[in-house]
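Structure first, then comments.
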Amino acid sequence: MPGANSVTSNQETIHKDLEKVVRKYARTTFLRPIADHTREAFAEAETFVEKFYGKNGDPGTASGVTNAIRDGAPGANAETEPRAVILDSGCGTGESTIHIARRYPNIPVIGIDKSGMRLTKAGNPAQTAGENVPPNAFWIRAELLDFWRLALERVQAGEWTIPYHAVYYPNPWPKQSEATRRFHMHPIFPTLLSLGETIELRTNWEIYAREFAEAARIATKELYRFPALRFEDDKVEINKGDSRSRAGMTITCESFDPENPETAFERKYKDAGQKLWRVVVALPQ
Ligand SMILES: C[S@@+](CC[C@H](N)C(=O)[O-])C[C@H]1O[C@@H](n2cnc3c(N)ncnc32)[C@H](O)[C@@H]1O
């Protein structure tokens, strides 16, 4: 892990091309072929979800299944209802996955990272304070840009719903010349935005937070204006035939001071006295 230095950048405010880039990608589809290894990882994640909800598997063999059904987890009993799934994208050593899994014990939480090295630390006793790993926590090694597109297919097919999506401390790519590697200036952004009902981004770089919030505002407007949706007075109206509405969506961007850091990077930044930021993009519940 790099040291806890503040982000240094040759950029002092929101990137000058933000609007242009976000609007362009909102009108295009990211077509890069999906890597086989992420398809395989995604299939593993699907199996975990199915087992958690007790379908296509012996309900008794997936830990946590009995509780999930008894407590009425969303989608636990209904064949036709989408299954609730939470994503912890770029989970690193997976600490946040455990916190989120404890917060939502009836929903499977999938921690995803491309670094096998970081994932080997996931669920170790230091992270769980000696307790068992929550049965709804699961980690896989995968490429997010591919995993998100596969997950969106499930959402659009009405099989999954993602009530919460954590994107905690993504690589900031602070050089202006690398700005299009930031998730919100990348062609993947419309997919990220369409995936979850609530997305929470955390970062130690204020500009990243402000850009992400602004990009969400621009992309939502762009995405839902045409062809089927109208955007009026900051409300998106849904037309017949569309499965998702962004009506009443809120975007908040604020600094925060976590009492108990939930990730390795969050702890490091807090210990170094850095200001932390979060953006929450949320549909009304
Ligand atoms: C700065 S670290 C933050 C890790 C963790 N969220 C934390 O706060 O401790 C960013 C993480 O995102 C992962 N990552 C970055 N880009 C990724 C991608 N395209 N697909 C999968 N993982 C990615 C990296 O491997 C790294 O573990």
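Our numbering numbers the first residue of the sequence shown as 29 and each following residue consecutively. Glycine included, each C-beta is placed from N, C-alpha and C at the ideal position.
Query                                                                                                                                                                                  : Result
Between the segment 286-297 and the segment 117-128, can you find at least three pairs of beta-carbon atoms closer than 8 Å?                                                           : yes
Can you confirm whether the segment 214-221 touches the segment 170-184 when touching is taken to mean that 3 or more C-beta pairs between the two stretches lie within less than 8 Å? : yes
Residues around ligand 1, please: the ones whose beta-carbon is closer than 7 Å to some heavy atom of it, in chain order.                                                              : Gly118, Cys119, Gly120, Thr121, Glu123, Ser124, Ile140, Asp141, Lys142, Ser143, Arg146, Ala170, Glu171, Leu172, Leu173, Tyr196, Tyr197, Pro198, Asn199, Thr291, Ala292, Phe293, Glu294
My understanding is that Tyr252 touches Arg210, with C-beta atoms under 8 Å, so please give their C-beta distance in whole angstroms.                                                  : Not quite, the Cβ-Cβ distance comes to about 22 Å (not below 8 Å), so this is no contact.
Under 6 Å Cβ to Cβ from Arg32, same chain only, skipping five residues before and after it: list those, please.                                                                        : Inspection of the sequence shows that residue 32 is occupied by Ala rather than by Arg. Same-chain partners within the cutoff: Lys296, Tyr297, Ala300.
Taking 6 Å as the limit between beta carbons, can you name the residues of its chain near Val309, skipping five residues before and five after?                                        : Ile227, Ala244, Ile279
Beta carbon of Ser117, beta carbon of Ala194: below 8 Å?                                                                                                                               : yes
Have a look at Ile168, Thr36, Pro61 and flag the residue whose alpha-carbon is nearest the alpha-carbon of Phe27.                                                                      : In the structure displayed, the chain extends from 29 to 313; residue 27 sits before or after that span and is not available.
Quick one: what's got a C-beta closer than 6 Å to Arg177's C-beta in the same chain, skipping five residues either side?                                                               : Thr219
Closest by CA to Thr36, which one among Phe70, Lys203, Ile140?                                                                                                                         : Lys203
Rounded to whole angstroms, what is the Cα-Cα separation between Glu109 and Asn164?                                                                                                    : 19 Å
Roughly how many angstroms separate the alpha carbons of Val307 and Gly186, rounded to a whole number?                                                                                 : 26 Å
Tell me the rounded alpha-carbon separation between Arg147 and Ile246.                                                                                                                 : The sequence given here has Leu at residue 147, not Arg. About 34 Å.
Could you tell me the distance, in whole angstroms, from the CA atom of Ile140 to the CA atom of Glu287?                                                                               : 25 Å
Express the C-alpha separation of Phe284 and Ala157 in angstroms, rounding to a whole number.                                                                                          : 24 Å
Just mark Asn232 as buried or exposed, buried being the case when its beta carbon has 16 or more other beta carbons within 10 Å.                                                       : buried
So Ala207 and His43 are in contact, right, with Cβ under 8 Å, and what is the actual spacing, rounded?                                                                                 : 5 Å
Do Pro133 and Pro162 have their C-beta atoms closer together than 8 Å?                                                                                                                 : yes
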